[in-house]
Every structure is written in structure tokens, then in C-alpha cells.
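Asker: Please find one structure pasted underneath; my questions will follow.
In the working numbering, the protein residues as written are 59 to 423.
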């Protein structure tokens with residue numbers, strides 16, 4: 059009888075059951091716990107929010123575990139089909155999508171889906187596959203092709219309009235292009251071209267997008283209208299002081315001054331109740347998340363896995379930076395949740411998928 063045949067069922071299943079990376083699991087678990095505590099307070103007048111989020115977490119953890127057991131070689135084979143499917147669904151949204159609140163972002167195929175969420179992962183997968191394929195003979199034409207691969211879905215998402223998701227997809231793809239070997243000089247030139255093109259971009263922006271930029275510059279020009287929500291959010295953050303008002307004692311949230319307090323603006327609720335000290339703890343957790351992701355990327359054995367892990371880590375960074383920045387009033391308001399804390403199933407599934415990719419890269423070194 060061979061060695062494999064003599065092993066117990068637990069010995070055979072153990073590598074698959076224990077697929078999670080311990081440091082990454084602890085960090086994500088801590089963020090999810092903080093999120094549930096904050097969500098309970100933010101949604102105290104909305105029955106069922108915490109239980110719904112627990113179901114979302116269970117689904118995200120299951121996705122994370124499944125993906126952690128998929129070898130990176132299999133992910134590389136899925137890169138092109140996933141990208142092609144994502145672009146095809148985005149085109150279908152543009153043609154036949156469901157309109158909600160003035161935006162055409164959803165597609166009904168028996169159930170309602172938002173294809174732009176798929177591109178948050180499919181885009182870095184595709185570009186990581188492309189640079190792995192081009193490894194050893196990269197030329198300037200390679201970066202042009204990569205930029206086109208990135209621009210097509212970013213443009214389709216931006217015209218829905220969904221500026222927040224378009225920005226996340228662009229950041230995920232741009233991080234792969236940069237980590238793939240783009241020089242600092244070329245990056246600086248691209249930033250200069252982008253800055254010079256801002257006046258042109260302004261002419262193509264929707265009215266509500268221009269209003270958000272103007273509100274960022276001076277939220278008090280319309281304090282009871284367009285600037286009301288961001289002003290109340292900044293009041294909540296400032297009123298928390300050093301130690302906060304205490305759990306469930308936040309007045310801005312419970313008196314319903316904070317908009318979307320269980321989703322995009324949950325950071326304002328957390329800041330009011332836990333203050334500066336709580337924010338420092340939260341920042342440390344996010345820094346640990348970024349550190350662990352970059353450590354996995356640096357130790358990855360192939361260019362594909364390094365680029366993919368680096369891109370997922372940059373997605374986490376962008377989520378956290380943009381959300382905290384918009385809630386604090388330092389960047390325009392866009393629809394980006396706070397990772398592993400905001401209420402919602404779709405974003406949490408995407409984040410769980412990203413965590414599974416990092417664990418797969420670490421596990422299959």
C-alpha cells in the first residue's frame with residue numbers, strides 16, 4: 059500500500075481545509091469584526107443589517123477559501139476568458155442595461171448583476187497574463203497594448219456613469235503596468251499629459267460630477283444642499299475628538315445627518331464613536347493588510363503571481379484611501395466602500411476574491 063493510500067482522510071483534506079494564510083486571515087478577521095461593531099451602531103434603527111452582513115461575510119469567506127485552493131496556473135488560463143467575458147458584459151450593459159438612479163450599470167440575466175465588479179479582478183488577471191507572456195522581450199509597444207487593454211473596460215464603465223468603479227479598475231490595471239516595468243520617467247510623462255487634459259475632461263463630465271468637484275473645493279457654497287452631507291460627515295469625524303463619544307453614542311449617525319452611514323460613509327460613524335485613537339488602530343490594520351499583500355507579492359515565484367498579488371494589494375489600498383479621503387473631504391465623493399467594513403454583498407465578494415488570490419499565491423509558492 060502506497061503512502062498516499064495510508065493517510066487518513068484528514069491528512070488528505072488538511073491542505074485544502076487550512077488554505078488560509080494565517081497573518082492575512084487575522085488582519086481581515088479584525089477588519090470584519092470592527093466593521094460589524096460599527097455597522098451595529100450605524101444600523102441600529104435598521105433591523106436585519108447585521109444579520110444580512112453576516113451572511114455576506116459567510117459568502118465572501120467561502121469564495122476566499124475556494125479561490126485560495128485554485129493554483130495560480132489555473133488562474134492564468136482563466137485570464138483571457140474572464141477579461142473577454144467582462145468586456146462583453148459591459149458592452150451588453152451599454153446596449154441593454156437596467157437604469158437605476160440615472161446610471162446604466164446593471165444587467166438582467168435571470169438575476170441582476172453588475173459586470174463592472176468582475177473587471178476589478180479580471181483586469182489585473184489579464185494584464186498579469188499579458189506581461190508574463192511578454193516577459194523577456196518587452197518593448198514600448200507592449201505598454202501601448204496594455205494601456206489599450208486597460209482603457210477599453212475603464213471607458214465602458216466610466217460612461218455608465220460609474221466613476222468610482224472606473225477609477226478602481228484603472229488603478230488595478232495601472233499598478234500592473236507599473237510593476238511590469240514601466241519607468242518612472244514614462245509614468246511622470248503620463249501624469250503630465252493627464253494633468254494637461256483635465257480641462258478637456260471637465261467638458262465631458264456629467265453635471266453631478268462637476269458638482270462633486272465644486273463641492274470638494276467649497277462645500278459651504280451650498281451648505282443645505284449639495285454640500286450638506288460632506289459637511290455633516292466632517293462634523294462627525296471632528297466631534298469624535300481623541301477618544302470618541304463611545305459605541306452607539308454617535309449623534310450625527312443616529313440623528314440621520316450622515317448619508318449612507320452603513321455603506322460608503324461608515325468611516326464617519328466609526329470616527330465619531332471611537333475618535334482619533336480608533337482611527338489610528340484602523341489605519342494600522344489597513345497598513346498591515348497592505349504590508350502582508352506586498353510581502354506575498356515580493357515572495358511570489360513568477361512574474362504573473364507577483365503582478366497579480368501586487369495589483370490586488372493596490373486595490374485594497376485604493377479602496378481604503380479613496381473612501382477615507384472622500385469621507386474626510388479631501389477628494390470628491392465617489393461610490394467606493396470601506397474595505398471589509400462597509401455593508402454590502404457585491405463589494406465584499408470582490409474583496410474576498412482578492413484575498414483568496416493572495417492566499418493562493420502564498421500557498422502555491
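Note that the Cβ used here is the ideal one computed from N, Cα and C, for glycine as well.
Threshold first: 3 residues or longer. Then list the beta strand (DSSP E) segments lying entirely within the region 135 to 183, N to C.
Answerer: The region 135 to 183 contains these whole beta strand (DSSP E) runs: 156 to 158, 161 to 166.
Asker: Could you check where the alpha helix (DSSP H) with residue 312 kicks off and where it finishes?
Answerer: It spans 309 to 312 - the alpha helix (DSSP H) in which residue 312 sits, taken as one unbroken run.
Asker: To which residues of the same chain is residue 61 closer than 8 Å at the C-beta, ignoring the five residues directly before and after it?
Answerer: Because the pLDDT of residue 61 is 49, which lies under 50, any placement of that residue in the model is unreliable, and the question is left without a value.
Asker: Using 8 Å for Cβ pairs, my map puts residue 418 next to residue 321. What's the rounded Cβ distance?
Answerer: With 8 Å as the limit, residue 418 and residue 321 do not qualify as a contact, their Cβ atoms being about 29 Å apart.
Asker: Could you pull out every residue in the same chain whose Cβ sits closer than 7 Å to the Cβ of residue 325, ignoring the five residues on either side in sequence?
Answerer: The answer, listed in chain order, is 381, 382, 385, 396.
Asker: Short of 8 Å in beta carbon distance, which residues of its chain neighbour residue 185, apart from the five on each side in sequence? Order them along the chain.
Answerer: Contacts found: 204, 207, 208, 231, 234, 235, 238, 365, 369.
Asker: Inspect the beta-carbon positions of residue 318 and residue 99 and report whether they are closer than 8 Å.
Answerer: No, they are not a contact pair.
Asker: Let me know if residue 200 comes out buried or exposed under the rule of 16 or more other beta-carbons within 10 Å of its beta-carbon.
Answerer: Burial call: buried.
Asker: With a CB to CB cut of under 6 Å and the five nearest residues on each side skipped, what residues in its chain are close to residue 363?
Answerer: Around residue 363: 130, 419.
Asker: Since residue 211 and residue 148 are thought to touch, with beta carbons under 8 Å apart, how far apart are those beta carbons, to the nearest angstrom?
Answerer: Rounded, the Cβ-Cβ distance is 6 Å, consistent with contact.
Asker: Exposed or buried, residue 113, counting other C-beta atoms within 10 Å across all chains shown (16 or more means buried)?
Answerer: Counting Cβ neighbours within 10 Å, residue 113 comes out exposed, since fewer than 16 surround it.
Asker: Would you tell me roughly how many angstroms separate the C-alpha atoms of residue 82 and residue 346, rounded to the nearest one?
Answerer: Looking at the two C-alpha atoms, the distance is approximately 9 Å.
Asker: Can you tell me the Cα-Cα spacing of residue 165 and residue 302, whole angstroms?
Answerer: Whole-angstrom Cα-Cα distance: 42 Å.
Asker: Could you have a look at residue 268 and say whether DSSP puts it in helix, strand or coil?
Answerer: Residue state, collapsed to three classes: helix.
Asker: So, is residue 277 buried or exposed, given that buried needs 16 or more other C-beta atoms within 10 angstroms?
Answerer: Classification for residue 277: buried.
Asker: So, with DSSP's three-state summary, where would you put residue 386?
Answerer: Note: residue 386 maps to helix in three-state DSSP.
Asker: Would you report the Cα separation of residue 214 and residue 361, rounded to the nearest angstrom?
Answerer: Taking the straight line joining both Cα atoms gives about 28 Å.
Asker: Could you spell out where the alpha helix (DSSP H) holding residue 344 opens and where it closes?
Answerer: Segment 324 to 356, the alpha helix (DSSP H) holding residue 344.
Asker: Can you tell me which of the three DSSP states residue 316 falls into?
Answerer: Note: residue 316 maps to coil in three-state DSSP.
Asker: Should the region 408 to 417 be regarded as contacting the region 337 to 344, the criterion being three or more beta carbon pairs within less than 8 Å?
Answerer: Flag = no, the region 408 to 417 and the region 337 to 344 do not touch.
Asker: What's the gap between the Cα of residue 261 and the Cα of residue 268?
Answerer: Roughly 9 Å between the two C-alpha positions.
Asker: If I measure Cβ to Cβ from residue 192 and keep anything under 7 Å in the same chain, skipping five residues before and after, which residues do I get?
Answerer: Result list for residue 192: 200, in chain order.
Asker: Give the C-beta separation of residue 424 and residue 371 to the nearest angstrom, bearing in mind that I take them to be a contact with Cβ-Cβ under 8 Å.
Answerer: Only positions 59 to 423 of the chain appear in this structure, which leaves residue 424 out of reach.
Asker: Taking residue 401 as part of the alpha helix (DSSP H), name the residues at either end of that continuous run.
Answerer: Per DSSP, residue 401 belongs to no alpha helix (DSSP H) and is neither H nor E.
Asker: Residue 358 and residue 423 look like a contact to me (Cβ under 8 Å); what is the Cβ gap, rounded to whole Å?
Answerer: About 7 Å separates the two Cβ atoms, so the contact holds.
Asker: Alpha carbon to alpha carbon, what distance is there between residue 104 and residue 49?
Answerer: Only positions 59 to 423 of the chain appear in this structure, which leaves residue 49 out of reach.
Asker: How big is the Cα-Cα spacing for residue 305 and residue 333?
Answerer: Computed Cα separation, rounded: 10 Å.
Asker: Which residue comes first and which comes last in the alpha helix (DSSP H) that contains residue 236?
Answerer: Its alpha helix (DSSP H) spans residues 221 to 237.
Asker: So, is residue 195 buried or exposed, given that buried needs 16 or more other C-beta atoms within 10 angstroms?
Answerer: Its Cβ having fewer than 16 others within 10 Å, residue 195 is exposed.
Asker: Leaving out five residues on either side along the sequence, give the residues of the same chain with a beta carbon under 6 Å from the beta carbon of residue 122.
Answerer: Counting only Cβ-Cβ distances below 6 Å, and skipping sequence neighbours, we find 410, 413, 414.
Asker: For residue 373, count neighbouring C-beta atoms within 10 Å of its own C-beta (all shown protein chains included) and say buried if the count is 16 or more, exposed if not.
Answerer: Buried is the call here.
Asker: What is the rounded straight-line gap between the Cα of residue 101 and the Cα of residue 109?
Answerer: When rounded, the distance between both Cα atoms is 11 Å.
Asker: Among the residues of its own chain, which have a CB less than 7 Å from the CB of residue 323, if the five just before and after it don't count?
Answerer: These residues qualify, in order along the chain: 291, 316, 317, 385.
Asker: Distance check for residue 133 and residue 229, CA to CA, integer angstroms please.
Answerer: Rounded to the nearest angstrom, the two C-alpha atoms are 20 Å apart.
Asker: Around the C-beta of residue 120, are 16 or more other C-beta atoms found within 10 angstroms, so that it is buried, or is it exposed?
Answerer: Exposed, by the Cβ-count rule.
Asker: In whole angstroms, what is the alpha-carbon distance linking residue 297 and residue 153?
Answerer: For residue 297 and residue 153, the distance between alpha carbons rounds to 47 Å.
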